[in-house]
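**Student:**
Protein chains: 2
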Amino acid sequence: MTTTLGVRAQQKEKTRRALIDAAFSQLSADKSFSSLSLREVSREAGIAPTSFYRHFSDMNELGLTMVDEAGLTLRQLMRQARERIASGGSVIQTSVATFMEFIENNSNVFRLLLRERSGTSAAFRSAVYRENQHFIAELSDYLCRANGTSLENARIEADALVTIVFNAGAEALDLDNEKRAELAIRTKKQLRLVAKGAMLLNRKS
Amino acid sequence: MTTTLGVRAQQKEKTRRALIDAAFSQLSADKSFSSLSLREVSREAGIAPTSFYRHFSDMNELGLTMVDEAGLTLRQLMRQARERIASGGSVIQTSVATFMEFIENNSNVFRLLLRERSGTSAAFRSAVYRENQHFIAELSDYLCRANGTSLENARIEADALVTIVFNAGAEALDLDNEKRAELAIRTKKQLRLVAKGAMLLNRKS
DNA sequence: AAAATCAGCGTACACTTGTAAGCTTAAATA
DNA sequence: TATTTAAGCTTACAAGTGTACGCTGATTTT
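As they're listed, the protein sequences go chains C and E.
FYI, numbering that gives the first Met the number 0 numbers position 71 of the first sequence as 70, with every residue one higher than the one before it.
FYI, numbering that gives the first Met the number 0 numbers position 48 of the second sequence as 47, with every residue one higher than the one before it.
1. For R185 of chain E, name the three-state secondary structure that DSSP assigns.
2. Helix, strand or coil for S27 of chain E? Go by DSSP, reduced to three states.
3. What does I19 of chain E touch in chain C if you count any residue whose Cβ is under 8 Å from its own?
4. Can you tell which of E:R16, E:A157, E:A47, E:M65 has its C-alpha closest to the C-alpha of Q189 of chain C?
5. Under a Cβ-count criterion, where at least 16 other Cβ atoms within 10 Å of its own Cβ denotes burial, should L160 of chain C be classed as buried or exposed?
6. At a cut of 8 Å, does the stretch 192-201 of chain C reach the stretch 20-32 of chain E through at least three beta carbon pairs?
7. Along the stretch 25-38 of chain E, where does the CB come closer than 8 Å to a CB of chain C? Name the residues.
8. T1 of chain C to V40 of chain E, Cα distance in whole Å?
9. Starting from the Cα of A171 of chain C, find the closest Cα among C:F98, C:F32, C:E12, C:V66 and give me that residue.
10. Looking at I163 of chain E and T148 of chain C, is the spacing between their C-beta atoms short of 7 Å?
11. Would R208 of chain C count as contacting chain E if we go by Cβ distances under 7 Å?
12. What runs of the alpha helix (DSSP H), each 4 residues or longer, lie entirely inside the stretch 57-91 of chain E?
13. Thinking C-beta only, is A169 of chain C closer than 7 Å to T186 of chain C?
14. Please state the DSSP three-state secondary structure of D140 of chain C.
15. Report yes if the C-beta distance between L199 of chain C and L35 of chain E is below 7 Å; otherwise report no.
16. Do you know how far the Cα of L71 of chain C is from the Cα of E82 of chain C?
17. State yes or no: is the beta carbon of V193 of chain C nearer than 7 Å to at least one beta carbon in chain E?
18. Given this structure, state the Cα-to-Cα distance separating A183 of chain E from D173 of chain E, to the nearest angstrom.
19. What residues of chain C sit near A169 of chain E, judged by a beta carbon separation below 8 Å?
20. Is the Cβ of K188 of chain E closer than 7 Å to any Cβ of chain C?
21. Answer yes if the stretch 108-127 of chain E comes into contact with the stretch 61-76 of chain E, meaning at least three C-beta pairs across the two stretches below 8 Å, and no otherwise.
22. Going along the stretch 159-184 of chain E in order, which residues come within less than 7 Å of chain C, judged by CB to CB distance?
23. Please list, in chain order, the chain E residues whose beta carbon lies closer than 7 Å to that of I135 of chain C.
24. Please classify L160 of chain C: does DSSP put it in a helix, a strand, or coil?
25. Kindly indicate which three-state DSSP category T3 of chain C falls into: helix, strand or coil?
26. Mind listing the chain E neighbours of R233 of chain C? Cutoff is C-beta to C-beta under 7 Å, in chain order.
27. Residues of chain C with CB under 8 Å from L113 of chain E, in chain order?
28. Identify each residue in the stretch 39-69 of chain E for which the Cβ-Cβ distance to at least one residue of chain C is less than 9 Å, and report them in chain order.
29. Within this structure, are the beta carbons of S117 of chain C and R114 of chain E separated by less than 7 Å?
30. Where does I19 of chain C fall in DSSP's three states?
31. Taking the alpha carbon of R110 of chain C as the point to measure from, which residue in C:S31, C:E12, C:N201 has its own alpha carbon closest?
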């Protein structure tokens with residue numbers, strides 16, 4: 000059921016979005032979420048500092064909202080990748096390419112996840128952790144079904160794969176296109192390493 | 000040649016140390032380097048805020064010094080691990096155990112590296128990157144010698160191994176002892192996955 | 001039509017921050 | 001011994017921060 004919003008609620012939603020967008024747009028290589036101030040964000044969103052509180056009790060609350068949105072964006076991306084794979088692409092090639100595209104097009108979104116994963120707020124850290132687990136769970140399912148691995152082993156493999164890809168993404172942020180291409184090649188080799196190792200160990204047991 | 004320091008230079012060195020120690024001791028799960036202020040650090044070190052400038056031109060300069068020290072600590076740790084391995088320990092078991100001990104005993108030092116790796120200062124990021132490359136280079140050498148792998152393949156393998164261990168360390172920070180033990184087991188399995196995969200792929204070529 | 005709600009505003013306050021300027025005083029140098 | 005050097009201090013200031021308080025005016029509810 001989608002409730003039709005009144006004029007007032009619509010406007011409120013709009014400002015809320017403006018705040019979120021303002022915060023995202025202020026993120027950069029040189030500016031992390033924790034270095035944003037309530038006043039800066041409000042200014043960028045075009046409202047008075049004190050009006051901020053009509054939408055979020057805290058910068059923290061805004062931040063958590065942003066992490067959720069970032070996770071959502073990332074999962075949507077995964078779905079796209081799976082579609083491409085289903086229609087005949089190589090798993091590793093497609094996954095890495097998709098991820099790298101994501102980082103190129105949404106670097107600030109990725110930076111948020113990357114930084115808050117080891118940030119100073121436990122709530123943030125566990126929010127990012129949850130998103131990561133989502134990611135791993137979906138990949139585990141896939142591996143289970145595709146390779147007939149036990150779920151436990153698939154979890155371990157998936158975790159390693161995601162770790163490597165995520166890390167490569169982090170590294171890519173500071174590289175130019177040429178170096179990124181090299182990184183992508185190396186990353187694919189590493190993923191194959193893990194996949195081969197998993198195959199081998201699964202046959203044994 | 001070790002120059003004997005005059006009384007004055009000795010005192011200066013002492014305060015410099017006090018500043019570095021103060022900064023390290025203020026780091027915690029809830030407080031990152033970038034959230035430290037020059038005044039806080041100076042206060043903790045027992046000097047006036049303006050005296051800070053007699054030692055560092057900047058909080059940035061202090062931070063880079065800290066990253067270097069952290070990297071040094073980590074490399075010392077690696078040497079210990081190699082000694083233990085040389086005297087008959089399992090490579091993977093020993094490495095993971097040593098690393099986990101490091102994180103337990105020096106969590107704030109590790110946190111510094113972890114956070115600044117994706118922080119807002121390019122100088123910091125590349126400093127941490129350098130330390131990481133050191134780490135990987137030493138491991139590559141080891142793998143080369145131990146397994147007769149080509150240096151290129153060893154680099155790729157070492158990179159994957161370090162990524163996985165480093166990531167596990169990051170995860171360990173938020174876990175209790177029980178969960179940490181589980182994590183250690185999982186991490187070892189993942190390292191074996193990579194090692195097996197590398198063996199397999201090296202035989203082929 | 002009257003009353004209640006509430007998003008957004010302006011003002012205000014108490015803090016913290018980085019850092020400039022100039023002084024003191026003990027150590028180093030000549 | 002006389003002079004220079006420099007680590008550390010005090011004072012001072014401008015800039016930025018989070019947020020409390022109370023008002024306004026349009027929308028919503030009664």
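We treat Cβ as the ideally placed atom computed from N, Cα and C, and that holds for glycine.
**Tutor:** For this structure:
1. helix
2. strand
3. Correct list: empty, because the minimum Cβ distance to chain C is about 20 Å.
4. E:A157
5. Buried, because 16 or more other Cβ atoms sit within 10 Å of the Cβ of L160 of chain C.
6. no
7. A28, D29, K30, S31, S33, S34
8. At T1 of chain C the pLDDT is 45, less than 50, meaning the model places this residue with poor confidence; the figure from the coordinates comes in the next sentence. The alpha-carbon separation between T1 of chain C and V40 of chain E amounts to approximately 53 Å.
9. C:F98
10. Between T148 of chain C and I163 of chain E, the CB-CB gap reaches or exceeds 7 Å.
11. As shown, chain C starts at 0 and ends at 204. That puts residue 208 of chain C outside it, with no answer to give.
12. 58-85
13. no
14. helix
15. no
16. Distance between the alpha carbons of E82 of chain C and L71 of chain C: 17 Å.
17. yes
18. 14 Å
19. R116, S117
20. yes
21. yes
22. A159, T162, I163, N166, A169, D173
23. Chain E residues near I135 of chain C: none, gap ~12 Å exceeds 7 Å.
24. helix
25. coil
26. A query on residue 233 of chain C cannot be resolved here, the shown segment of chain C reaching from 0 to 204 and no further.
27. S117
28. none
29. With respect to R114 of chain E, S117 of chain C sits close: the two C-beta atoms are nearer than 7 Å.
30. helix
31. C:S31
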